[in-house]
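First up is the structure itself, then whatever we jot down about it.
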Amino acid sequence: MSNRGIRIRGVILIVLGSALAIGMVWLLKDIGGAMQPGGSPSGTRFTGSEDQGRLINGVLTAILAMAVVFGLYGVFMAVTGKESRVMKIAAWIIWLLLIGAALGTGWSARGGFPSLF
Numbered sequence: 019m020s021n022r023g024i025r026i027r028g029v030i031l032i033v034l035g036s037a038l039a040i041g042m043v044w045l046l047k048d049i050g051g052a053m054q055p056g057g058s059p060s061g062t063r064f065t066g067s068e069d070q071g072r073l074i075n076g077v078l079t080a081i082l083a084m085a086v087v088f089g090l091y092g093v094f095m096a097v098t099g100k101e102s103r104v105m106k107i108a109a110w111i112i113w114l115l116l117i118g119a120a121l122g123t124g125w126s127a128r129g130g131f132p133s134l135f
């Protein structure tokens, strides 16, 4: 791929990573308030357990980390016009960890790891 194409993809990653990071920060701020006694200023209130609250915060923080890595990879691509094998591997690792966290969330909500037999 040409340098120009890589730079364009980098800018797209910057925009998408930034939008996702801003959304996650806003959501974590609102959810953090909802988990306090009395709820958040927007009137939302969290009624789950403490463990569920930690799990939700963990998944949303993992999504925020993924957005930051994608944004940083986009900056690298936009500035240098090159792709980085190390950044690709880091992005894939975070993506796979996020999928694992999401599956773990579903399994814990259903009472544990699914039985295969």
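Position one of the sequence shown corresponds to residue 19 (this note's numbering), numbered consecutively onward. Beta carbons are placed, not taken as given, at the ideal position from N, Cα and C, and that holds for glycine. All figures in this text were calculated on a predicted structure; none of them were measured in a lab.
Nearest-angstrom Cβ-Cβ length linking GLY92 and LEU31, presumed shorter than 8 Å: Counting from 1 along the sequence shown, the entry for residue 92 is found at position 74. Counting from 1 along the sequence shown, the entry for residue 31 is found at position 13. Contact between GLY92 and LEU31 holds: their C-beta atoms lie close to 3 Å from each other, under 8 Å.
Residue closest to ILE111, alpha-carbon to alpha-carbon, out of ALA37, PHE88, VAL33: In the sequence shown, counting from the first residue as 1, residue 111 sits at position 93. For ILE111, the closest of ALA37, PHE88, VAL33 by C-alpha to C-alpha distance is PHE88.
Beta carbon of LEU116 nearer than 9 Å to that of VAL77: Position 98 of the sequence shown holds residue 116. Position 59 of the sequence shown holds residue 77. A contact, by the Cβ cut-off of 9 Å.
Cutoff 7 Å; reference ASN16; Cβ partners in own chain excluding five residues on either side: The chain is shown only over 19 to 135; residue 16 falls outside these bounds and no answer can be derived.
Own chain partners of MET42 with C-beta closer than 7 Å, once the 5 adjacent residues on each side are dropped: Counting from 1 along the sequence shown, the entry for residue 42 is found at position 24. Excluding positions up to five away in sequence, the list reads LEU78, ILE81, LEU82, ALA85.
Residue burial classification, GLY118 (beta-carbon count within 10 angstroms, cutoff 16): Indexing the sequence shown from 1 puts residue 118 at position 100. Under this definition GLY118 is an exposed residue.
ARG27: first and last residue of the uninterrupted alpha helix (DSSP H) it sits in: For the purposes of this step, residue 27 is identified with residue 9 of the sequence shown, where counting begins at 1. Start and end: 21 to 52.
Nearest to GLY122 (by Cα), restricted to the options GLN70, GLY50, VAL104: Against the sequence shown, residue 122 aligns to sequence position 104. Residue GLN70 is the option with its Cα nearest to GLY122.
Status (buried if at least 16 other CB within 10 Å, exposed otherwise) for MET19: Within the sequence shown, residue 19 is the residue found at index 1, counting from 1. When all chains shown are included, MET19 counts as exposed.
LEU134 classed as buried or exposed, judged by whether at least 16 other C-beta atoms fall within 10 angstroms: Start at 1 with the first residue of the sequence shown, and residue 134 comes out as number 116. Residue confidence for LEU134 is low, a pLDDT of 45 falling below 50, so the modelled location carries little weight and cannot support an answer.
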